[in-house]
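The structure appears right after this line, and notes come after that.
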Amino acid sequence: MSHLHADSVTATRLEELLTTIEESAAEPKTFLAGDHNPNQPQAKSHSTPTYTSARTLYPFFGDAHISSKAAVLKLACERVNTLVTPPQLLVMQEAASFFTTAALRICVENDVATHIQELSSGDKGAPIEELSTTSMLDAKLLARTLRFLSHKGIFQEDSPGRWKNTTASLTLINDQEFKAFLSLMTNEIQNASSKLGECMEQQFTSSQMHESGTQPQQGSSELSPFAAYHGLPLYEWLHQPENISRGQNFNQAMRGLSHLESTFSLPFDYAFDSLPAGTTLVDIGGGVGAIAEILLPEYPALKMVVQDLPPVVKAAEEKPSQIIRKFMHEGRLSFRAHDFFTDQPEDLKGASFLVCNVLLNHSDESSVKILSCLRNSNPSKLLIVDRLYGPFFPTEGNTSEDEKKIYDTIRKSAKANGGVRSQSLPGVYDMIMAAMFVTKTRTLEEWNGLLGQAGFSLTSVTPLRASSGQVVIEAGILPNWIQST
Numbered sequence: 319m320s321h322l323h324a325d326s327v328t329a330t331r332l333e334e335l336l337t338t339i340e341e342s343a344a345e346p347k348t349f350l351a352g353d354h355n356p357n358q359p360q361a362k363s364h365s366t367p368t369y370t371s372a373r374t375l376y377p378f379f380g381d382a383h384i385s386s387k388a389a390v391l392k393l394a395c396e397r398v399n400t401l402v403t404p405p406q407l408l409v410m411q412e413a414a415s416f417f418t419t420a421a422l423r424i425c426v427e428n429d430v431a432t433h434i435q436e437l438s439s440g441d442k443g444a445p446i447e448e449l450s451t452t453s454m455l456d457a458k459l460l461a462r463t464l465r466f467l468s469h470k471g472i473f474q475e476d477s478p479g480r481w482k483n484t485t486a487s488l489t490l491i492n493d494q495e496f497k498a499f500l501s502l503m504t505n506e507i508q509n510a511s512s513k514l515g516e517c518m519e520q521q522f523t524s525s526q527m528h529e530s531g532t533q534p535q536q537g538s539s540e541l542s543p544f545a546a547y548h549g550l551p552l553y554e555w556l557h558q559p560e561n562i563s564r565g566q567n568f569n570q571a572m573r574g575l576s577h578l579e580s581t582f583s584l585p586f587d588y589a590f591d592s593l594p595a596g597t598t599l600v601d602i603g604g605g606v607g608a609i610a611e612i613l614l615p616e617y618p619a620l621k622m623v624v625q626d627l628p629p630v631v632k633a634a635e636e637k638p639s640q641i642i643r644k645f646m647h648e649g650r651l652s653f654r655a656h657d658f659f660t661d662q663p664e665d666l667k668g669a670s671f672l673v674c675n676v677l678l679n680h681s682d683e684s685s686v687k688i689l690s691c692l693r694n695s696n697p698s699k700l701l702i703v704d705r706l707y708g709p710f711f712p713t714e715g716n717t718s719e720d721e722k723k724i725y726d727t728i729r730k731s732a733k734a735n736g737g738v739r740s741q742s743l744p745g746v747y748d749m750i751m752a753a754m755f756v757t758k759t760r761t762l763e764e765w766n767g768l769l770g771q772a773g774f775s776l777t778s779v780t781p782l783r784a785s786s787g788q789v790v791i792e793a794g795i796l797p798n799w800i801q802s803t
């Protein structure tokens, strides 16, 4: 078998990648060598928020510009890996990635990282025999599992038979919400992924039948891989009596999702003081006020209304956190029961609306309904916090000129407002949405289309640093919009 490209083309790709890495690494190197607080966002002068350990461990979080440079480095390094790994081995390695899932599930469920921390002595790691006894796992298989994960930067063997945590494995200690999310990933989401191909075939058959005028079986094209595996859609399954513990795990995972998604950098990456003076910010589907807890301390003049379904609002009002109770007492925060598939109440017309991690769970049709109800309230501003999939760049060119064009585009895009970043995690979330809800992670073109149908026009996109593709999409109203029926 001959290779696809001439050596000169591959050499050009390598040269362009090294140039991209060198250019992107220059400022982060200077940043790390300077006198700064690595965990304090530089975009605002407000008080420093309290971060979870997972974010304090990331050295580039303190500066949005430096974080964007690091994102380009990740993109380039992924492409270097693709270039230098023999193609068959690259495919084989990805095909075996389920072992990473299995290994992580074992370590999360048995709290291995915490045991390593407790059993380590000074600079010496935890002896595998003691770790085995504490974890109640076979020593030889546990060592092999940890060694496998160490190749991915999770755990390390500092001397024969002794294991230590790495920066990555430290995130598994004292963070129950993150561990709950990993449990969701390595159980329900993994199970659903096994039915993805079957559902793709069913949806193809249904679309073919529709085009030929034959009526497909009702609901056959709407069945999610999760429902195909478990027999029920996700939320119905979670409320079954036998799944109470998994429902509790899901709720805990969702509570931590805002921190996992880096939305706590929201007040530093988007200027909420640019909202019209005196406006109220209404958080649609805002749960128990997690975003309000993040925004209100940083913007003393801001007032918020958090909307959700009656049971959620009741829980939020009956057991508010200390900071939520404070803002409620000051009159800066209130909770209201509201169905976002219905129009807003009269007193909130003209307000600014925030839709944070809501539309990713909904189809385009449902999302247009939600947004149209907001458009009917004549909002002063619409802010959507969600994932953005893209931009995308070719993996490889056919000629040296093609390679130069690819990396010239990447470097120019990196300098533009918003920059570029790896699409690996947005791609993962796109597959999660497909497996769990038959929805998707939307591209810029898809967001533009969605907003246009609902009477809005996209005005800006602001990325959230160190996230899995999260951005703030700002939109204004389209004049003379007529709602479709």
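In the numbering used here, the protein residues as written are 319 to 803.
Note that beta-carbon positions come from the ideal geometry of N, C-alpha and C, so glycine has one too.
Practice problem: Tell me whether residue 402 is buried or exposed, calling it buried when 16 or more other Cβ atoms sit within 10 Å of its Cβ. | Solution: With fewer than 16 Cβ atoms within 10 Å of its Cβ, residue 402 is classed as exposed.
Quiz item: Tell me which same chain residues have a C-beta within less than 7 Å of the C-beta of residue 361, skipping the five on either side of it?
Solution: Interpretation of residue 361 is limited by its pLDDT of 44, a score under 50 that renders its predicted location unreliable; the figure taken from the coordinates is listed afterwards. Its chain contains 382, 586 and 587 as the residues whose beta carbon lies nearer than 7 Å to that of residue 361, once the 5 sequence neighbours on both sides are disregarded; these appear in chain order.
Quiz item: With a Cβ-Cβ cutoff of 8 Å, do residue 556 and residue 544 count as a contact?
Solution: The answer is no: Cβ separation not under 8 Å.
Exercise. Grab me the residues of residue 794's own chain with a C-beta within less than 8 Å of its C-beta, minus the 5 sequence neighbours each way, in chain order.
Key: Excluding positions up to five away in sequence, the list reads 699, 700, 774, 775 and 777.
Exercise. Check whether the Cβ atoms of residue 440 and residue 434 lie closer than 8 Å to each other.
Key: Going by beta carbons, residue 440 and residue 434 fall outside the 8 Å limit.
Quiz item: Considering only residues of the same chain and omitting the five flanking positions on each side of residue 628, which have a CB-CB separation below 6 Å?
Solution: Here the set comprises 655.
Quiz prompt | Whole-angstrom distance between residue 721 and residue 432, CA atom to CA atom | solution = Rounded to the nearest whole angstrom, the CA to CA distance from residue 432 to residue 721 is 46 Å.
Exercise. Just grab the DSSP bridge partners of residue 602 for me.
Key: 625 and 673.
Quiz item: Distance, Cα to Cα, residue 677 vs residue 575?
Solution: Across the structure, residue 677 and residue 575 are spaced so that their CA atoms are roughly 15 Å apart.
Quiz item: Hey, is residue 513 close to the ligand SAM, as in C-beta under 7 Å from one of its heavy atoms?
Solution: What this structure holds is no ligand at all, so the ligand SAM is not there to describe.
Practice problem: Determine the direct distance from the alpha carbon of residue 519 to that of residue 538, and round the result to whole angstroms. | Solution: The predicted position of residue 538 is uncertain, since its pLDDT is 48 and thus under 50; a value taken from the coordinates is nonetheless stated next. Note on geometry: alpha-carbon atoms of residue 538 and residue 519 lie some 11 Å from one another.
Self-check item: Close-in-space but distant-in-sequence residues of the same chain around residue 674 (CB under 6 Å, 5 per side omitted)
Solution: Taken in chain order, the residues that qualify are 609 and 703.
Quiz prompt | Rounded C-alpha distance that separates residue 659 from residue 437 | solution = Taking the Cα positions, residue 659 is about 53 Å away from residue 437.
Practice problem: With DSSP as the reference, please indicate the residues paired to residue 481 in a beta bridge. | Solution: In the DSSP output, where bridge partners are listed per residue, residue 481 has 444 and 475.
Practice problem: May I ask you to verify whether the stretch 764–774 touches the stretch 739–756, counting CB pairs closer than 8 Å and requiring at least 3? | Solution: With a cut-off of 8 Å, the stretch 739–756 and the stretch 764–774 do not count as touching, because too few Cβ pairs lie within range.
Self-check item: Contact under 8 Å by Cβ, residue 571 with residue 606
Solution: No.
Quiz item: Measuring CA to CA, which of 451, 426 and 548 is closest to residue 493?
Solution: From the listed residues 451, 426 and 548, the smallest Cα separation to residue 493 is found for 426.
Self-check item: Complete beta strand (DSSP E) runs within the stretch 687–718 (minimum length 3 residues, chain order)
Solution: Unbroken beta strand (DSSP E) stretches of 3 residues or longer found wholly inside the stretch 687–718: 699–705, given in chain order.
Quiz item: So, do the stretch 472–479 and the stretch 506–519 have three or more beta carbon pairs nearer to each other than 8 Å?
Solution: No: fewer than three Cβ pairs fall under 8 Å.
Quiz prompt | Inter-residue Cα distance where the pair is residue 371 and residue 716 | solution = Only weak support is given to the placement of residue 371: the predicted model assigns it a pLDDT of 48, under 50, and the value that follows is read from those uncertain coordinates. Near 44 Å, if we compare the C-alpha coordinates of residue 716 and residue 371.
Quiz item: For residue 466 versus residue 416, is the C-beta spacing smaller than 8 Å?
Solution: The beta carbons of residue 466 and residue 416 sit no closer together than 8 Å.
Quiz item: Does DSSP classify residue 756 as helix, strand or coil?
Solution: Under the three-state reduction of DSSP, residue 756 is assigned to coil, being neither helix nor strand.
Quiz prompt | Reduced DSSP secondary structure (H/G/I, E/B, other) of residue 668 | solution = DSSP places residue 668 outside both helix and strand once states are collapsed to three, so it counts as coil.
Quiz item: Can you give the Cα-Cα distance for residue 714 and residue 331, rounded to whole angstroms?
Solution: Straight-line measurement puts the Cα of residue 331 at about 8 Å from the Cα of residue 714.
Exercise. Excluding the 5 residues preceding and the 5 following residue 662 in the sequence, name in chain order all residues of the same chain whose CB lies nearer than 6 Å to its CB.
Key: The beta carbon of residue 662 lies closer than 6 Å to those of 695 in the same chain, with the five residues before and after it left out.
Self-check item: residue 697 beta carbon less than 8 Å from that of residue 670
Solution: The answer is yes: Cβ separation under 8 Å.
Self-check item: Unbroken alpha helix (DSSP H) run spanning residue 643, endpoints
Solution: In the DSSP assignment, residue 643 falls within the alpha helix (DSSP H) that extends over 640–648.
Quiz item: Do the stretch 496–509 and the stretch 449–460 make contact, defined as three or more Cβ pairs closer than 8 Å?
Solution: The stretch 496–509 is not in contact with the stretch 449–460.
Quiz item: For residue 787, is the classification buried or exposed, using 16 other Cβ atoms within 10 angstroms of its Cβ as the cut-off for buried?
Solution: Buried.
Quiz item: For the beta strand (DSSP E) that contains residue 507, what are its first and last residues?
Solution: Counting along the chain, residue 507 sits inside no beta strand (DSSP E), nor does DSSP assign it H or E at all.
Self-check item: Span of the beta strand (DSSP E) around residue 653
Solution: Counting along the chain, residue 653 sits inside the beta strand (DSSP E) bounded by residues 651–655.
Quiz item: Going along the chain, which residues of its own chain have a beta-carbon closer than 7 Å to the beta-carbon of residue 334, five neighbours each way excluded?
Solution: Apart from the 5 residues on each side of it in sequence, residue 334 sits with its Cβ closer than 7 Å to the Cβ of 721, 722 and 725 in its chain, given in chain order.
Self-check item: Selection from 375, 797 and 582 that minimises the alpha carbon distance to residue 611
Solution: The residue with the shortest Cα to Cα distance from residue 611 is 582.
Exercise. Please classify residue 793: does DSSP put it in a helix, a strand, or coil?
Key: Three-state result, residue 793: strand.
Practice problem: Identify whether residue 417 lies in helix, strand or coil by the three-state DSSP scheme. | Solution: Helix, per DSSP.
Quiz item: With 16 as the cutoff for other CB atoms within 10 Å, does residue 506 come out buried or exposed?
Solution: Residue 506 comes out buried.
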